[in-house]
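A.B. asks: Let me begin by handing over the structure; questions about it come next.
Number of protein chains: 2
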Amino acid sequence: MREAYHDQLEELAGRLADMTGMVADAMENATSALLQADLGLAEQVISGDQKVDDVRSSIEEQAYALLALQAPVATDLRTVLAVIHAAESVERMGDLALHVAKAARRRHPAPAVPEDVQPYFAEMGTIATKLARDAAVIIREKDVTRARALEEDDDAMDDIHRHLFSVIMDKEWAHGVAAAVDVTLLGRFYERYGDHAVSVAKRTVFVVTGRMPGYGGDEDL
Amino acid sequence: MREAYHDQLEELAGRLADMTGMVADAMENATSALLQADLGLAEQVISGDQKVDDVRSSIEEQAYALLALQAPVATDLRTVLAVIHAAESVERMGDLALHVAKAARRRHPAPAVPEDVQPYFAEMGTIATKLARDAAVIIREKDVTRARALEEDDDAMDDIHRHLFSVIMDKEWAHGVAAAVDVTLLGRFYERYGDHAVSVAKRTVFVVTGRMPGYGGDEDL
Numbered sequence: 001m002r003e004a005y006h007d008q009l010e011e012l013a014g015r016l017a018d019m020t021g022m023v024a025d026a027m028e029n030a031t032s033a034l035l036q037a038d039l040g041l042a043e044q045v046i047s048g049d050q051k052v053d054d055v056r057s058s059i060e061e062q063a064y065a066l067l068a069l070q071a072p073v074a075t076d077l078r079t080v081l082a083v084i085h086a087a088e089s090v091e092r093m094g095d096l097a098l099h100v101a102k103a104a105r106r107r108h109p110a111p112a113v114p115e116d117v118q119p120y121f122a123e124m125g126t127i128a129t130k131l132a133r134d135a136a137v138i139i140r141e142k143d144v145t146r147a148r149a150l151e152e153d154d155d156a157m158d159d160i161h162r163h164l165f166s167v168i169m170d171k172e173w174a175h176g177v178a179a180a181v182d183v184t185l186l187g188r189f190y191e192r193y194g195d196h197a198v199s200v201a202k203r204t205v206f207v208v209t210g211r212m213p214g215y216g217g218d219e220d221l
Numbered sequence: 001m002r003e004a005y006h007d008q009l010e011e012l013a014g015r016l017a018d019m020t021g022m023v024a025d026a027m028e029n030a031t032s033a034l035l036q037a038d039l040g041l042a043e044q045v046i047s048g049d050q051k052v053d054d055v056r057s058s059i060e061e062q063a064y065a066l067l068a069l070q071a072p073v074a075t076d077l078r079t080v081l082a083v084i085h086a087a088e089s090v091e092r093m094g095d096l097a098l099h100v101a102k103a104a105r106r107r108h109p110a111p112a113v114p115e116d117v118q119p120y121f122a123e124m125g126t127i128a129t130k131l132a133r134d135a136a137v138i139i140r141e142k143d144v145t146r147a148r149a150l151e152e153d154d155d156a157m158d159d160i161h162r163h164l165f166s167v168i169m170d171k172e173w174a175h176g177v178a179a180a181v182d183v184t185l186l187g188r189f190y191e192r193y194g195d196h197a198v199s200v201a202k203r204t205v206f207v208v209t210g211r212m213p214g215y216g217g218d219e220d221l
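Here you go:
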């Protein structure tokens, strides 16, 4: 009986990891669509977002059923709650990838971002995708040693985002207001995507160790 | 025993409503700070955000304890889970008000937004504050009839935001790139604040009625 129960917990974590892989694909494709003005790829990401939302709903349903039928306590309860929180973050990552894809579609066939800032977006896209894939590994394997590296990758993302922002705000910005606005919003989508990936990783660390990284305190939430 | 348990649920909902009131105050003050270049008020919002985060932590702690000790099912379980989700949204609303206050501080003593778009921000600030206060009422009184009106107010927010965006993107925009970028980000903070308020209201409706508004389906999550 208990084995079946822990199988269910494992299955729940596995589905969350799969969902995280889906939003990694979404951001990878959205970034390609953005930089290569690929309308078909943009449409693929846009229509694929519904599936991400559906997976989140079914994870919540499964978590609710586990709580209602099994009344878990201690670590198991923490796990289920962490999965519920993480699924919300991962859905938001999917929404952010969707925003990127929509920007690619909106400006098509014109490039969505000026050529001289495209390297920033290529880099942010690479980091974002890696963050999501690493988060999926952390969930699947409970490998909390990777969480520190994930946070460092997100710090690199924030550096690039800050750098990009200074380029936009520089007097030398030659691409006009509309492009500045587009690039500002797009930069923010990548930055928030990274923040959510870190949040997912931290929740997993909390489940495994009983401590929320960065809080510093000892109280068991 | 059951009475004490339902008292605890009521207390949890009450604390969530209080937290929602706190972020309503934060956004109201942040908007005033923004439009009146009030540095003191901006600093007040900025330092007040830690308290919002602390309340969210303690609500999560209390919810966890309820789940672990009481093993609620059905409506009670839905209530506790909805409170956990809603607390996350309300904390994000606090963060968005914090961003507005930081923008006010960053540009001080210069106005944070050009004079001709200040009326948009005054209006978005009024709506945002109302959305949060209405969400608090809905939580406290389980008054789901208000949820429809709340969504309409958020639609009004989105209209203003879209209008503001078209002003920024217009060829006649005379305030330069930096101001366009600032106004873009600030507009997005208000728009996301409204989205989160709607999310909180929807979660409450779900608890009370068993249906998530807008889903249209009959399945009990």
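Heads up: the sequence lines are chains S and U, in that order. Under full-length UniProt numbering, residue 221 is the last one in the first sequence; the count climbs by one each step, no gaps. Under full-length UniProt numbering, residue 221 is the last one in the second sequence; the count climbs by one each step, no gaps. Backbone N, C-alpha and C define an ideal beta-carbon position, used for all residues, glycine too.
Determine, using beta carbons only, whether Thr184(S) comes closer than 8 Å to chain U.
C.D. replies: yes
A.B. asks: For Val205(S), which residues from the same chain have a beta carbon less than 6 Å from its beta carbon, with the 5 sequence-adjacent residues on both sides left out?
C.D. replies: Val144, Ala147, Pro213
A.B. asks: Please list, in chain order, all residues of the same chain as Ile168(S) whose beta carbon is under 7 Å from its beta carbon, the five residues on each side excluded.
C.D. replies: Ala180, Val183, Thr184
A.B. asks: Among Ala42(U), Leu12(U), Arg78(U), which has the Cα closest to the Cα of Lys202(U)?
C.D. replies: Arg78(U)
A.B. asks: Can you find a CB in chain U that lies within less than 8 Å of the CB of Leu9(S)?
C.D. replies: no
A.B. asks: Leaving aside the five residues before and after residue 226(S) along the sequence, list all residues of the same chain whose C-beta is less than 6 Å from its C-beta, in chain order.
C.D. replies: Given that chain S is displayed from residue 1 to residue 221, the structure contains no residue 226(S) and the question cannot be resolved.
A.B. asks: Going by alpha carbons, who is nearest to Tyr120(U) out of Pro72(U), Leu98(U), Ser32(U), Leu66(U)?
C.D. replies: For the residues Pro72(U), Leu98(U), Ser32(U), Leu66(U), the minimum Cα distance to Tyr120(U) belongs to Ser32(U).
A.B. asks: Out of Leu35(U), Gly40(U), Ile46(U), point me to the one whose CA is closest to Val23(U)'s CA.
C.D. replies: Ile46(U)
A.B. asks: How is the alpha helix (DSSP H) around Val55(S) delimited, first residue to last?
C.D. replies: Secondary structure note for Val55(S): its alpha helix (DSSP H) is the uninterrupted segment 39 to 70.
A.B. asks: Can you list, in chain order, the residues of its chain with a C-beta nearer than 6 Å to that of Ala112(S)? Leave out the 5 residues immediately preceding and following it.
C.D. replies: Leu34, Ala103, Ala104
A.B. asks: Examine chain U for any beta-carbon lying closer than 8 Å to the beta-carbon of Met19(S), and answer yes or no.
C.D. replies: Taking Cβ atoms only, chain U never reaches closer than 8 Å to Met19(S), which makes this a no.
A.B. asks: Compute the beta-carbon to beta-carbon distance between Phe13(U) and Arg140(U), rounded to the nearest angstrom, for a pair I have assumed lies under 8 Å.
C.D. replies: Before going further, note that residue 13(U) is Ala rather than Phe in the sequence given. Right, their Cβ atoms sit about 7 Å apart.
A.B. asks: Go through its chain and collect everything with a Cβ distance to Val200(S)'s Cβ below 6 Å, but skip five positions before and after it.
C.D. replies: Ala86, Ser89, Ala135
A.B. asks: How is the alpha helix (DSSP H) around Met212(U) delimited, first residue to last?
C.D. replies: Element bounds for Met212(U): n/a, residue is neither H nor E.
A.B. asks: Would you grab the beta carbon distance between Arg15(U) and Ile59(U) for me? Rounded to a whole angstrom, and I think it's under 8 Å.
C.D. replies: Right, the Cβ-Cβ distance comes to about 6 Å (below 8 Å), so this counts as a contact.
A.B. asks: With 16 other CB atoms within 10 Å as the buried threshold, where does Lys51(U) fall?
C.D. replies: exposed
A.B. asks: What's the C-alpha gap between Arg188(U) and His161(U)?
C.D. replies: 8 Å
A.B. asks: What distance in whole Å lies between the Cβ atoms of His175(U) and Pro114(U), which are believed to be in contact at a cut-off of 8 Å?
C.D. replies: A Cβ-Cβ separation of about 5 Å places Pro114(U) in contact with His175(U) under the 8 Å criterion.
A.B. asks: Determine, using beta carbons only, whether residue 259(S) and Ala4(S) come nearer to each other than 8 Å.
C.D. replies: Nothing in the structure corresponds to residue 259(S), since chain S is present only between 1 and 221.
A.B. asks: Do Gly194(U) and Ala128(U) come within 8 Å of each other at the CB atom, strictly closer than that value?
C.D. replies: yes
A.B. asks: Roughly how many angstroms lie between the CA atoms of Met27(U) and Ala65(S), to the nearest whole one?
C.D. replies: 37 Å
A.B. asks: Short of 8 Å Cβ to Cβ, which residues in the stretch 88 to 99 of chain U face chain S?
C.D. replies: Glu88
A.B. asks: Apart from the five residues on each side of it in sequence, which residues of its chain come closer than 7 Å, Cβ to Cβ, to Ile117(U)?
C.D. replies: Reading the sequence as shown, one finds Val at residue 117(U) and not Ile. So the qualifying residues of the chain are Leu164, Val167, Val183.
A.B. asks: Expressed to the nearest angstrom, what Euclidean distance is found between the alpha-carbon atoms of Ala197(S) and Leu131(S)?
C.D. replies: 6 Å
A.B. asks: Which residue comes first and which comes last in the alpha helix (DSSP H) that contains Ala110(S)?
C.D. replies: Per DSSP, Ala110(S) belongs to no alpha helix (DSSP H) and is neither H nor E.
A.B. asks: Can you pull the chain U residues whose beta carbon is under 8 Å from the beta carbon of His85(S), in chain order?
C.D. replies: Ile84, Glu88
A.B. asks: Drop a sphere of 10 angstroms on the beta-carbon of Gly48(S), count the other beta-carbons inside from all chains shown, and report buried for 16 or more, exposed for fewer.
C.D. replies: buried
A.B. asks: Using only alpha-carbon positions, find the residue among Trp173(U), Thr75(U), Pro72(U), Met124(U) that is nearest to Asp154(U).
C.D. replies: Met124(U)
A.B. asks: Using Cβ-Cβ distances below 8 Å, what residues of the stretch 167 to 194 of chain U are close to chain S?
C.D. replies: Ile168, Met169, Trp173, Gly176, Val177, Ala178, Ala180, Val181, Thr184, Leu185, Arg188
A.B. asks: For His99(U), count neighbouring C-beta atoms within 10 Å of its own C-beta (all shown protein chains included) and say buried if the count is 16 or more, exposed if not.
C.D. replies: By the 16-neighbour rule on beta-carbons within 10 angstroms, His99(U) is buried.
A.B. asks: Quick check: what's the CA-CA separation for Val207(S) versus Val80(S)?
C.D. replies: 9 Å
A.B. asks: Near Asp53(S), what residues of its chain come up, given a Cβ to Cβ distance below 8 Å and the 5 sequence neighbours on each side ignored?
C.D. replies: The beta carbon of Asp53(S) is closer than 8 Å to those of Glu91, Gly94 in its chain, skipping five residues each way along the sequence.
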